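Quick notes on the structure that follows.
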Amino acid sequence: MLRLRAIYTCSWRVFQFRTCSCKPLISQMIKCTDEEQAFDLIKKNKATFSEKQVECAFNILWQFQQQRTSFLKNVDCIRDYPHFLTLHNLATSQIEFMDDDTLVNVLYFIQQCAPEAHDLLVEALVIESWRRLERFDINVLSKFSSCLANQHLYYSPLMGKIADIVHRNLETIDDLRLKSTILLMSEELTSQQALAVMSAMEEMESRNSHLIKKIASILHKHLDDYKPFELLKITQTLIFLHFQSKELFVKLRELLLRYLKISVIPSEIAILVYALSILPSSNLGEVEISQIEAVLPQCDLNDLNGFATSVLRWIQYDRKYLDSTTGKQLKLLQKLDHYGLQRLRKCNSLNLLWKELKSLKGDWFTESLLEETVATLLRLMDEINSKNVAEIASFISRTNYLNTLLLDRIASVVVQQIEKIHPFEILGIILPFSALNYDPPKNDEFFRICIQHLNSYLSGLEPPMLVFLGFSLAALGYFPEDLLKAIFNIKFLSKLDSQLELLCSSLNRRVQFRLMELNRAVCLECPEYQIPWFHDRFCQQQYNKDIGSMNGAQKQIYKMLAEVLGGYNCVKASVLTPYYHRIDFECVLDKKKKPLPYGSHNITLGKLPEMHWESNTQITGSRLPPGAERIALQFLDSRAFCRNIPHLKGKSAMKKRHLEILGYHIIQIPHFEWNCMALSTKEARMDYLRERIFGEGKS
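Residue numbers (the working numbering): 133 to 831.
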């Protein structure tokens, strides 16, 4: 940290020196009469160009552009200059030296000068601006919001963040003219602007109740102007933001029902019904049911899924309507099953099928259509090719359904057509093999080809994607050295940290967990790489947050283990291992398979014990008496297995490997064994535990 501060201080001194020495060149650029002269100066002085000179260069180019009558022609002219790329690269390298005004000015000017040629630079400028957002003065903030509007980023969480900052500082803004230019907080927001702000607030998970109420009142005023899909968006967003207004929700329901009565388009009717289903205190009447039934023959899988999701929600939550209406809803659900199955069986094109499958999710699809969907994919799997292989693979990973023929076909296509597949699609291709713990035939060749195809593009992958990729390969037991070096270095981790700030909380948490799990896997399975373990604090924080009670099955097993092993002092519950794997139960057997007591550590049944943190560098098994064995017992619920067969999924298989490396003998208790008819009595379950632990039969 001290070294980083020293570097920062040095950079600041360089910045100050360069600012003072840039005026002569700026004076020369101001005197230029055309683009040719400006670019000639850029070419001659590129080695000493400062951030202020970059700003001036873009400003000059923008002024030349304003003087031309043929705007589009001039844009092409600027973009095609050989040294435009030089200026582009200079701007990229100077971002860290730019003050706030310069940063936003460069963003504004480059948008005007060459809107088609600067995606990476604009992205870098926007990210840096986001990082500094809280410190921007109100003038810079106003210009930055205009830049976002120019990029049509109305739905960016940045817009919501800007609105929040302006709202907090509104009382301190004295310039009335400036107040009127700040679109997000104006009382004259249009219907679309209000919707954009509310959507951005949802994405950034805003909890500013005053701002939410203010924007909601504008939405209410314009409610009659919105289309059905916009009314759905409004309904979803208001509920997500925990906004409550009986008057607004009543008006929403009236509008949705009014649209529903006149609509004849299946997709629009599905949207309206779904919106009605998520409104508070809403139910589906006979008129709506009849209207849905009338359009079912025209519906695609997306429409059918939307209807089914809505009907299931009504059946589940509307306990008030346990009469003939509920009976009709159940019959409607049966009709939805019928039409869904018929549509799948008639499908004869994989690409057409994919258009309908790609966004499907929810209980109805999983329970009613998944088997038939897999059968249809099998029937059409010869159509899997380099263009659709990543999409089909990603879909399979989401289903948790293991079909080896489909995965073998995917692996075969990848091996044969790897040059036609974009490297950034490799993650999607690997996902089902990783999630479902499946190695295809010639698996070494398949993964080697995937990894080689990626190696030269590692620097182009976004940090979160690189982390997910590393974890997916680690779950399968693959640890490519180039990939690990790309992830476990200070520069990458710093970049990842800055990007995590821009992600929603759920994705942020997921990325951090995957990085921790990858760090743990590398430390345990590839110690030769000498990658340090740096997640102690993170894991301790998560353990303190996630501590909870045992579920019913765990309570049963805990009681019975105490009887089988000779007392509660011979079994530990909810044990944390080195590197923070959690074990349901742990016991130790001596060389004669006799349980060894832990001492006094009784706990109240149903609550987790206090943990004694152990060293994360020492294998716990090494401290056992000679010949003794440490045993980990894990109860595996349905989440540990593939949906269709009792095949252990990737994360559970990786955990088993890690516990074995740590010196444990693993005993897994699958839910389907523990809850089977053969173990319906306490005696049968006790015998089951004895046999698994001691290798004995009945007592």
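Backbone N, C-alpha and C fix where the C-beta goes; we use that ideal spot for every residue, glycine too. Small disclaimer: the values here were computed from a predicted structure and weren't measured.
(1) Closest to F372 by C-alpha separation, out of M330, I174 and E400, would be which residue?
(2) In whole angstroms, what separates the C-alpha of L489 from that of S481?
(3) Out of I689, Y711, S706 and K627, which has the shortest C-alpha to C-alpha gap to D668?
(4) Please look up how many angstroms separate the CB atoms of F717 and V696, rounded, as I've assumed it's under 8 Å.
(5) Of all the alpha helix (DSSP H) runs that stay within the bounds of the segment 540 to 625, which reach a length of 4 or more residues?
(6) Rounded to whole angstroms, what is the Cα-Cα separation between N237 and E187?
(7) Can you tell me the Cα-Cα spacing of A543 and S604, whole angstroms?
(8) Can you tell me where the alpha helix (DSSP H) holding Q662 begins and where it ends?
(9) Helix, strand or coil, according to DSSP, for I799 in the structure here?
(10) Taking the straight line between their C-alpha atoms, what separation do you get for Q461 and C719?
(11) Look up V85 in the DSSP assignment and give the residues it is bridged to.
(12) Tell me which residue opens and which closes the beta strand (DSSP E) that V707 is part of.
(13) Report the three-state DSSP secondary structure of P398 (helix, strand or coil).
(14) Starting from the C-beta of L811, find all residues in its chain whose C-beta is less than 8 Å away, skip the five residues before and the five after it, and write them out in chain order.
(15) Determine the extent of the alpha helix (DSSP H) in which P360 is found, giving its start and end residues.
(16) So is N206 buried or exposed if we call it buried at 16+ other beta carbons inside 10 Å?
(17) So, helix, strand or coil for I715, using DSSP?
(18) Which residue from I242, I801 and D233 puts its Cα closest to that of T224?
(19) Do the CB positions of L721 and A760 come within less than 8 Å of each other?
(20) Among D540, F565, F624 and F620, which residue has its Cα nearest to the Cα of G592?
(21) Can you tell me where the alpha helix (DSSP H) with N483 in it begins and where it stops?
(22) In the segment 419 to 472, which residue ranges form an unbroken alpha helix (DSSP H) of at least 4 residues, counting only runs that do not cross its ends?
(23) Beta-carbon separation of A426 and L468 under 8 Å?
(24) So, at 6 Å on beta carbons, what are the nonlocal neighbours of N191 in its own chain, with the 5 sequence-adjacent residues on each side left out?
(25) Any chance the segment 553 to 571 sits against the segment 512 to 532, with 3 or more Cβ pairs inside 8 Å?
(26) Can you tell me the Cα-Cα spacing of D728 and D769, whole angstroms?
(27) Got a sec: is the Cβ-Cβ distance from E695 to anything in chain D below 8 Å?
(28) Taking only the alpha-carbon atoms, compute the straight-line gap between M601 and E557 and give it to the nearest angstrom.
(29) I want to know whether the segment 388 to 397 touches the segment 350 to 357 - three or more CB-CB distances under 8 Å.
(30) Could you work out which residue in A705, N701, P758 and G698 is closest to K687 when comparing CA atoms only?
(31) Indicate whether A179 and M161 have their beta-carbon atoms separated by less than 8 Å.
(32) Given that a residue counts as buried once 16 or more other Cβ atoms are within 10 Å of its Cβ, and exposed if not, what is Y589?
(33) Roughly how many angstroms separate the alpha carbons of G738 and N683, rounded to a whole number?
(34) With H, G and I counted as helix, E and B as strand and the rest as coil, what does DSSP make of L794?
(35) If you follow the alpha helix (DSSP H) that I344 is part of, which residue opens it and which one closes it?
Inspection of the coordinates gives the following:
(1) Here the closest residue by C-alpha is M330.
(2) When rounded, the distance between both Cα atoms is 12 Å.
(3) Ranking I689, Y711, S706 and K627 by Cα distance to D668 puts Y711 first.
(4) About 11 Å; that fails the 8 Å criterion.
(5) Here the runs fully enclosed are 558 to 567, 575 to 587, 595 to 607 and 613 to 619.
(6) Their Cα atoms are separated by approximately 7 Å.
(7) Looking at the backbone, the Cα of A543 and that of S604 are separated by about 16 Å.
(8) Neither: Q662 is in no alpha helix (DSSP H) and is coded neither H nor E.
(9) The DSSP-derived three-state label of I799 is strand.
(10) Their backbone Cα atoms lie some 52 Å apart in a straight line.
(11) Nothing in the structure corresponds to residue 85, since the chain is present only between 133 and 831.
(12) Note, V707: beta strand (DSSP E), K704 to L708.
(13) Under the three-state reduction of DSSP output, P398 falls in the helix class.
(14) Once the five neighbours on either side are set aside, the close Cβ partners of L811 are E805, R817 and Y820.
(15) It spans P360 to F372 - the alpha helix (DSSP H) in which P360 sits, taken as one unbroken run.
(16) Any reading at N206 must be qualified, since the residue scores a pLDDT of 49, below 50, and its modelled position is unreliable; no value is offered.
(17) The answer is strand: DSSP assigns I715 an E or B state.
(18) The shortest C-alpha to C-alpha distance from T224 to any of I242, I801 and D233 is the one to I242.
(19) Contact flag set, yes.
(20) Selected option, being the one with the closest Cα: F624.
(21) Where N483 is concerned, the enclosing alpha helix (DSSP H) stretches over L482 to L489.
(22) Within the segment 419 to 472, complete alpha helix (DSSP H) segments of at least 4 residues are found at 433 to 449, given in chain order.
(23) Not closer than 8 Å, so no.
(24) Contacts found: F241.
(25) With the cut-off at 8 Å, the segment 553 to 571 and the segment 512 to 532 touch.
(26) It should be pointed out that residue 728 corresponds to Leu in this sequence rather than to Asp. Computed Cα separation, rounded: 28 Å.
(27) In the structure shown, chain D cannot be found, because there is only a single protein chain.
(28) The residue asked about is misnamed: residue 601 is Leu in this sequence, not Met. Spanning the two alpha carbons is a distance of roughly 11 Å.
(29) At 8 Å Cβ cutoff, the stretches do not touch.
(30) Ranking A705, N701, P758 and G698 by Cα distance to K687 puts A705 first.
(31) Going by beta carbons, A179 and M161 fall outside the 8 Å limit.
(32) Exposed, since its Cβ has fewer than 16 Cβ neighbours within 10 Å.
(33) Confidence at G738 is low in this model, with a pLDDT of 35, below 50, so its placement is unreliable and no value can be given for it.
(34) DSSP, reduced to helix, strand and coil, places L794 outside both helices and strands of the structure shown, so it counts as coil.
(35) I344 -> alpha helix (DSSP H) spans S341 to K353.
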